[in-house]
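According to the working numbering, the stretch in the sequence shown is residues 12 to 202, in order.
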Amino acid sequence: MRLEKENVQKELTRFGKYVVQQSRSNLSKKDKNVSSKLYNSIGYESKANPNSFEFSFKMEDYGKFQDKGVKGKDPSKVSKNAKIKGQQAPQSDYKFGSGNFSGTWGSFVGSIQNWAKKKNIRLRDEKGKYKKGDYKTIAQIIAGNIYNRGIKPSLFFTRPFNLAFEKLPDDLIKAYGDDLDNFLNNILNDN
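Here's what the structure looks like:
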């Protein structure tokens, strides 16, 4: 007879579901759920083995940059017309121009262009009217400003993870104790 970790597995599942649900909710509340790609990619894997547990969260790679933010290369180069100025993530481990922010400039600008289309962000002409379909130019301007000032941390994942993780050790100890009680009761009842 072996110890079944049914209650421990339930606690790990509860922990994973909570973090995923809260992370997704945070993305929506912070208006960072434009394409739903990151939102839909957030998940977890949990497995109770005979002598150990495996647990991991997964999401699109760029989720870590949205969560922790990215330091800008040079905030002094931000357009004078930009609404957001200054270093947005001074404490971040990630920095534009350092090699630890993956992706190419073209794909970054392309992502900004798709975002601008979905948000209908366009340039205006001399008369103040919106220009039709010039999303590439606005994407270049926005991407340059983001590159230089950085991305502000949203902590969409970090906050719910830390909140749930604070309680997890106590919850796991109780669940393991319940599983052990069930195991011992089964042994006693079999004899």
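Glycine included, C-beta positions come from ideal geometry on N, C-alpha and C.
Practice prompt. Report yes if the C-beta distance between F176 and S34 is below 8 Å; otherwise report no.
Written response: no
Worksheet item: Among K21, K43, Q32, which residue has its Cα nearest to the Cα of S122?
Response: K43
Practice prompt. Can you tell me which of Q99, D136, K58, Y105 puts its alpha carbon nearest to the alpha carbon of K21?
Written response: K58
Practice prompt. Return the first residue and the last residue of the alpha helix (DSSP H) that K84 is part of.
Written response: No alpha helix (DSSP H) holds K84; DSSP gives it neither H nor E.
Fill in: From R160, Q151, S165, residue whose alpha carbon lies closest to that of Y73
S165
Worksheet entry | Bounding residues of the alpha helix (DSSP H) (the contiguous stretch that carries F168) | First-last for F168: undefined, no H or E at that position.
Worksheet entry | Beta carbon of Q99 nearer than 8 Å to that of V120 | Contact annotation: Q99 and V120 have beta-carbon atoms that are not nearer than 8 Å.
Fill in: Which listed residue (G161, I53, N62, K143) has its alpha carbon closest to that of F68
Of the candidates G161, I53, N62, K143, the residue whose Cα lies closest to the Cα of F68 is I53.
Fill in: Per-residue burial, P171 [other beta carbons within 10 Å of its own, 16 or more giving buried]
Label assigned to P171: buried.
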